[in-house]
Amino acid sequence: MSDTKNAPAADDATPTQRYGLFGGLAALREKANIQDRLVERLLAQVIPAEDGEVSFTLDESVAHAHRAPEFSLGTMSYNFRRFNARAGVLFKLQDLSESLLEWQKPTQTLSLLAVYTFVCLDPHLVVVLPLVLLVLAVLIPSFMARHPAPPRGTLSSEQGVGYSAAGPPLAPPVTVTPVRELSRDFVKNMRRLQNQMGGFVHAHDLVVEKVLPLTNFGDEALSSAVFLGAVVGILVTMTTAHLVPWRFVLLGGGWAHICSAHPYAIQLVADLKAGKFGDLAAAGMGKVAAEAKEGGDKAKSFADRWIASDMILDTAPETREVEIFELQRKTRPGEWEPWVFCPSPYDPLSAPRIAGDRPGGTRFFEDVAPPDGWEWSEKKWALDLWSREWVEERIITSVEVETEGERWVYDMYDEDEDVLRRSRVVEHPDAEAAKNVSHTSWEEGEDGNGLKGEWRRRRWVRLVKRKTSLVDYA
1 MSDTKNAPAA
11 DDATPTQRYG
21 LFGGLAALRE
31 KANIQDRLVE
41 RLLAQVIPAE
51 DGEVSFTLDE
61 SVAHAHRAPE
71 FSLGTMSYNF
81 RRFNARAGVL
91 FKLQDLSESL
101 LEWQKPTQTL
111 SLLAVYTFVC
121 LDPHLVVVLP
131 LVLLVLAVLI
141 PSFMARHPAP
151 PRGTLSSEQG
161 VGYSAAGPPL
171 APPVTVTPVR
181 ELSRDFVKNM
191 RRLQNQMGGF
201 VHAHDLVVEK
211 VLPLTNFGDE
221 ALSSAVFLGA
231 VVGILVTMTT
241 AHLVPWRFVL
251 LGGGWAHICS
261 AHPYAIQLVA
271 DLKAGKFGDL
281 AAAGMGKVAA
291 EAKEGGDKAK
301 SFADRWIASD
311 MILDTAPETR
321 EVEIFELQRK
331 TRPGEWEPWV
341 FCPSPYDPLS
351 APRIAGDRPG
361 GTRFFEDVAP
371 PDGWEWSEKK
381 WALDLWSREW
391 VEERIITSVE
401 VETEGERWVY
411 DMYDEDEDVL
421 RRSRVVEHPD
431 AEAAKNVSHT
441 SWEEGEDGNG
451 LKGEWRRRRW
461 VRLVKRKTSL
471 VDYA
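Residue numbers (full-length UniProt numbering): 1 to 474.
Encoded structure:
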């Protein structure tokens, strides 16, 4: 009896399972969502955060409004499907451009050449051209779609005199709707988008292979020649551009480019190369091609010789002079104790001295390192014998300059400061000294009693050169 009573409770606790086609689709969808979330978390660990953050403080809502969404596989897939469903308009424009340039409809290509001729002869018509395109290519076809002409054969010859737009609209307005997913047009858009991406990659690689070596200074002599030629071209163009009949140049260039794409012109060139017009014509074409190749080789060899002879490059790296100050402090017995090698002179009126901060630096000469991106050009440091000059350049006061000997620059002696320093031990002696320092200018010579201030310093200099590091980006 106990088993019978407990059976319904066990059945109620068992979750309901979904069987059939819909249950299988739901399970697959749930599994795909789990995989997407897993991949997104893995990519979040690899892809860095975007650098386009707002640099100043904003409210949280405003800051989030300017922040782009993070990478998501679901969002990327959704946006790609939406874009592909609406990309048909772009491909239609591409087809229209190709048909105009390839003479697929000669009347339309001739109309394009006529419009191009008028624009070249009177450039002010460029302002009118967008309005003409709006009227002829957008508004009139849209109006005729709502007011279509009667089908042929529905009226007699006497009644079908011509098109009439009278009466109410007979058809709905033309709208551009996205194509359905997995339809024939959707797959066609995907195929064309795939081919466009391949074409972009090919063009990108071609530019990187042919153009980038001329401009990235990998070969500094070649890129310097290109730079010089560009500068000369700018100067020549600025002075002679008004002498060139640009209207006729553009007119002739446009006509030549479009006419060269005519099927007859392409077939004529192919027949000349194949020798269908006789051996003489083929020989003439071959001679022209050989002369063009020979001329190109001569021009290239001349440019190479000119670059090798006239392009003078700096082979030695850039050098600079760096400085370090050797600081010494006077002890109670009156002896000078080596203290630190500091990047600043730590003069009595310097900001660290007034604030009571200790001088920063290194204790030993060997620990002084060159600046980042530089290396030592000389093996040893040199003592700056012109102490007076760097003191005057920095407008340092309250110091005494030693013009002979070891070229030390001393703090001026202050009797009140010395008494205060000897009478008691203070927590920040430098701060107390800064408060009681005299504001007289620097002096040159010797004090009668030979008393000096608490600190002395002298300047050491050394040359550094830029560190050359070649990075391989291949």
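Even glycine gets a Cβ: it sits at the ideal position worked out from N, Cα and C.
I need the DSSP call for residue i, collapsed to helix, strand or coil.
{"i": "W255", "result": "helix"}
{"i": "T315", "result": "coil"}
{"i": "L58", "result": "Bear in mind that the predicted position of L58 carries a pLDDT of just 46, short of 50, making it unreliable; the figure below should be weighed with that in mind. In this structure, L58 counts as coil in the three-state DSSP scheme."}
{"i": "L463", "result": "strand"}
{"i": "A431", "result": "Any answer about A431 is weak, because its pLDDT of 44 lies below 50 and its placement is not dependable; what the coordinates show is given next. Helix at A431."}
{"i": "V127", "result": "coil"}
{"i": "E400", "result": "strand"}
{"i": "D219", "result": "coil"}
{"i": "I395", "result": "coil"}
{"i": "H262", "result": "coil"}
{"i": "E294", "result": "helix"}
{"i": "Q108", "result": "helix"}
{"i": "W442", "result": "In this predicted model, W442 has a pLDDT of only 48, less than 50, meaning its place in the structure is not dependable enough to derive any value."}
{"i": "E102", "result": "coil"}
{"i": "Y163", "result": "coil"}
{"i": "H147", "result": "coil"}
{"i": "A230", "result": "helix"}
{"i": "A289", "result": "helix"}
{"i": "V119", "result": "helix"}
{"i": "G52", "result": "With a pLDDT of 46 at G52, under the threshold of 50, the modelled position of this residue cannot be trusted, and the question is left open."}
{"i": "V244", "result": "coil"}
{"i": "L170", "result": "coil"}
{"i": "R152", "result": "coil"}
Buried or exposed: where does residue i fall if 16 or more other Cβ atoms within 10 Å of its Cβ makes it buried?
{"i": "R184", "result": "exposed"}
{"i": "W386", "result": "exposed"}
{"i": "F341", "result": "buried"}
{"i": "P148", "result": "exposed"}
{"i": "P359", "result": "buried"}
{"i": "A13", "result": "With a pLDDT of 41 at A13, under the threshold of 50, the modelled position of that residue is not reliable, and the figure given next carries that caveat. With fewer than 16 Cβ atoms within 10 Å of its Cβ, A13 is classed as exposed."}
{"i": "P345", "result": "buried"}
{"i": "V211", "result": "exposed"}
{"i": "E454", "result": "buried"}
{"i": "H330", "result": "In the sequence as presented, His is not what sits at residue 330; that position holds Lys. Burial call: buried."}
{"i": "R353", "result": "buried"}
{"i": "V231", "result": "exposed"}
{"i": "V207", "result": "exposed"}
{"i": "D297", "result": "exposed"}
{"i": "I324", "result": "buried"}
{"i": "W306", "result": "exposed"}
{"i": "residue 503", "result": "Outside the shown range of the chain, which is 1 to 474, sits residue 503, and nothing can be said about it."}
{"i": "V409", "result": "buried"}
For residue i and residue j, which I take to be in contact (beta-carbon distance under 8 angstroms), what is that distance rounded to the nearest angstrom?
{"i": "S398", "j": "P343", "result": "Rounded, the Cβ-Cβ distance is 20 angstroms, inconsistent with contact."}
{"i": "R192", "j": "F91", "result": "5 angstroms"}
{"i": "L250", "j": "C120", "result": "5 angstroms"}
{"i": "G373", "j": "R466", "result": "7 angstroms"}
{"i": "R457", "j": "E326", "result": "6 angstroms"}
{"i": "N84", "j": "F186", "result": "6 angstroms"}
{"i": "D384", "j": "R459", "result": "4 angstroms"}
{"i": "Y116", "j": "G254", "result": "5 angstroms"}
{"i": "V322", "j": "P245", "result": "Actually they are not in contact, since the Cβ atoms of V322 and P245 sit about 60 angstroms apart, beyond 8 angstroms."}
{"i": "R146", "j": "A171", "result": "5 angstroms"}
{"i": "F118", "j": "L125", "result": "6 angstroms"}
{"i": "S377", "j": "V464", "result": "6 angstroms"}
Per DSSP, residue i is paired with what?
{"i": "W455", "result": "R329"}
{"i": "R320", "result": "V464"}
{"i": "A410", "result": "The residue you asked about is not Ala; residue 410 is Tyr in the sequence shown. Y410 pairs with E400 and R456."}
Any beta carbon of chain C sitting closer than 8 angstroms to that of residue i?
{"i": "W386", "result": "Absent from the structure is chain C; it holds one protein chain and no more."}
*asked:* Extract the residue ranges of the alpha helix (DSSP H) inside the region 326-389, only unbroken runs of 4 or more that lie entirely within it.
replied: 351-355
*Could you name each continuous alpha helix (DSSP H) segment of 4 residues or more that falls completely within the region 175-211, going from the start of the chain to the end?*
184-210
*Entirely enclosed alpha helix (DSSP H) segments - the region 67-93, minimum 4 residues*: 73-86
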